[in-house]
Amino acid sequence: MATLTKDATATRVWFDDDNLWVLLDDGRQIGVPLAWYPRLLAATTQQRLAFEMSGNGRGLHWDGIDEDLLVQGIVDGIPDRTEKH
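Numbering (the numbering used here), first residue to last: 6 to 90.
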């Protein structure tokens, strides 16, 4: 049996003091802690707001802080997996 899947697509992105919020094209609103993404946590408000959506809303990119996130990864609850040295 084949299953049709569709990657999550963002239509809006915003922040509060502690969270990254994403509104999805299916109406869901997902919030994840900024602590999951250390570059976003350390960024200024201006740096956080300086993002671009890519892939028709499937990706988020912050050039100024060198951060890239897949919206599906946010939906799936996957935090930053960068190794700490």
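Beta carbons are placed, not taken as given, at the ideal position from N, Cα and C, and that holds for glycine. Owing to the predicted nature of the structure, the values given are computational and were not obtained by experimental measurement.
Euclidean distance between Cα positions of residue i and residue j
{"i": "Arg53", "j": "Leu65", "result": "11 Å"}
{"i": "Gln17", "j": "Thr87", "result": "Per the sequence shown, residue 17 should be read as Arg rather than Gln. Taking the straight line from one Cα to the other gives about 25 Å."}
{"i": "Trp19", "j": "Glu57", "result": "12 Å"}
{"i": "Asp31", "j": "Asp23", "result": "24 Å"}
Under 8 Å between C-beta atoms of residue i and residue j
{"i": "Trp41", "j": "Ala55", "result": "no"}
{"i": "Ala15", "j": "Leu28", "result": "yes"}
{"i": "Val37", "j": "Ile70", "result": "no"}
{"i": "Glu72", "j": "Leu46", "result": "no"}
Nearest candidate by alpha-carbon position, reference residue i, set the options
{"i": "Leu25", "options": "Arg86, Leu74, Thr87", "result": "Leu74"}
{"i": "Asp21", "options": "Gly32, Gln51, Asp85", "result": "Gln51"}
{"i": "Asp85", "options": "Met58, Ser59, Gly60, Leu39", "result": "Leu39"}
{"i": "Asp81", "options": "Arg33, Glu57, Met58", "result": "Arg33"}
Identified DSSP bridge partners for residue i
{"i": "Phe20", "result": "Leu25"}
{"i": "Asp73", "result": "His66"}
{"i": "Pro38", "result": "Asn24"}
{"i": "Ala15", "result": "Leu29"}
Cutoff 8 Å; reference residue i; Cβ partners in own chain excluding five residues on either side
{"i": "Ala76", "result": "For the sequence presented, residue 76 should be read as Val rather than Ala. Closer than 8 Å at the Cβ level, and outside the excluded window around Val76, lie Asp12, Ala13, Thr14, Ala15, Val27, Leu29, Gly62, Arg63, Gly64, Leu65."}
{"i": "Pro43", "result": "Asp85, Thr87"}
Residues of its chain near residue i, where Cβ-Cβ distance is below 7 Å and the 5 sequence neighbours each way are ignored
{"i": "Ser59", "result": "His66"}
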